[in-house]
């Protein structure tokens, strides 16, 4: 299997950075690809994110490294954040070296009955993600692209499952946000992002609320092919999911409503989530 994009030609057996042998492919996106590699010097298997050499993507990769350097002081396991090992240059491409995790939460859901998780599984997942956002917030960092595909399950056979937040390609310091910045994924963006307004860490809580609904129902809550469709749907529904959408108790419905408050100033914070009655 070979990926070819903007002179990005990588196949199984390719050596990256001189000693990372490609064993497989984990993900492909606009940025490039994520490969499963074995360090030929240590025999350790890791995940290598290979960024394309487009100027815009290179700039984004440099920002991601800046954010990852900020996060290096945190305990990745305790903070539910993917462990970043280092970066290296392969030709004109920036490669990021991460710990290898099992599968994304999106993949994990695909193999569940009706793609739905029981409340007993949803509760620890949301708590761990709120924990991750709380630590990002303590550093003034916005993840800006929280969705099931960017949440990794450490070990699918572990009970309860442990998850980690990954992909900091859109992450940025809240202090550097400029109104109109294009971040996030359609269907998971907060209203303030879609209308080009100033935003902060509260957009991650909006995304977490939508992830919570998806875990409970098996479907994305806000349908739409583009931001216009999604924003129209949000306005029509006042941004509040009806209680009957979730097969949960009242505290679970209340928590999601707090996450999906239209006013970012009224949206619940990660630390408040961690102390919410839903987790008692």
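In UniProt numbering, the protein residues as written are 1 to 280. Ideal Cβ placement from N, Cα and C applies to all residues, glycine included. Computed from a prediction, not measured in an experiment: that's the story for all the values here.
| Asked | Found |
| --- | --- |
| Cβ neighbours of residue 282 in the same chain (closer than 7 Å, five flanking residues each side left out) | Look at the range of the chain in this structure, 1 to 280, and you will see that residue 282 is not part of it. |
| Near the ligand COA: residue 70 beta-carbon under 7 Å from a heavy atom | With respect to the ligand COA, the structure offers nothing, as it holds no ligand at all. |
| For residue 53, three-class secondary structure by DSSP | coil |
| Inter-residue spacing [alpha-carbon to alpha-carbon] between residue 60 and residue 52 | 10 Å |
| C-beta atoms of residue 264 and residue 202 nearer than 8 Å | yes |
| Beta carbon of residue 129 nearer than 8 Å to that of residue 80 | yes |
| Those residues which DSSP pairs with residue 24 across a bridge | 36 |
| Distance between residue 91 and residue 164 (C-alpha atoms, nearest Å) | 30 Å |
| Collapsed DSSP secondary structure at residue 47 in the structure displayed | strand |
| Pairwise C-alpha distance: residue 160 and residue 119 | 12 Å |
| Closest residue to residue 63 among 168, 259, 216, 182 (Cα-Cα distance) | 168 |
| For residue 101 and residue 269, the rounded distance between their alpha carbons | 27 Å |
| Separation of residue 150 from residue 141, as counted between CA atoms | 16 Å |
| C-alpha gap between residue 208 and residue 105, whole angstroms | 13 Å |
| Residue 79 - partner residues in DSSP beta bridges | According to DSSP, which records beta bridges pairwise, residue 79 is partnered with nothing at all. |
| Helix, strand or coil at residue 88 [DSSP, three-state] | strand |
| Length of the line joining the Cα atoms of residue 227 and residue 182 | 11 Å |
| At least 3 beta-carbon pairs within less than 8 Å: the region 110-119 vs the region 28-45 | no |
| Same chain only: Cβ atoms within 6 Å of residue 14, ignoring 5 sequence neighbours per side | 22 |
| Outcome for residue 250 when other beta-carbon atoms lying within 10 angstroms are tallied against a minimum of 16 | exposed |
| Beta-carbon separation (whole angstroms), residue 212 vs residue 122, contact threshold 8 Å | 7 Å |
| Sequence-distant residues of its chain with Cβ nearer than 6 Å to residue 200 (five each side left out) | 174 |
| Other residues of its chain near residue 271: CB distance less than 7 Å, five sequence neighbours each side excluded | 134 |
| When 220, 280, 205, 75 are compared against residue 257, the one with the closest alpha-carbon | 205 |
| Helix, strand or coil at residue 62 according to DSSP, with G and I counted as helix | helix |
| Residue 198 versus residue 179 - alpha carbon distance | 4 Å |
| Bridge partner(s) assigned by DSSP for residue 29 | 32 |
| Close Cβ partners of residue 70 (< 7 Å) along its chain, the five nearest in sequence each way excluded | 139, 141 |
| As assigned by DSSP and simplified to three states, the class of residue 271 | helix |
| Where the beta strand (DSSP E) containing residue 164 begins and where it ends | 163-165 |
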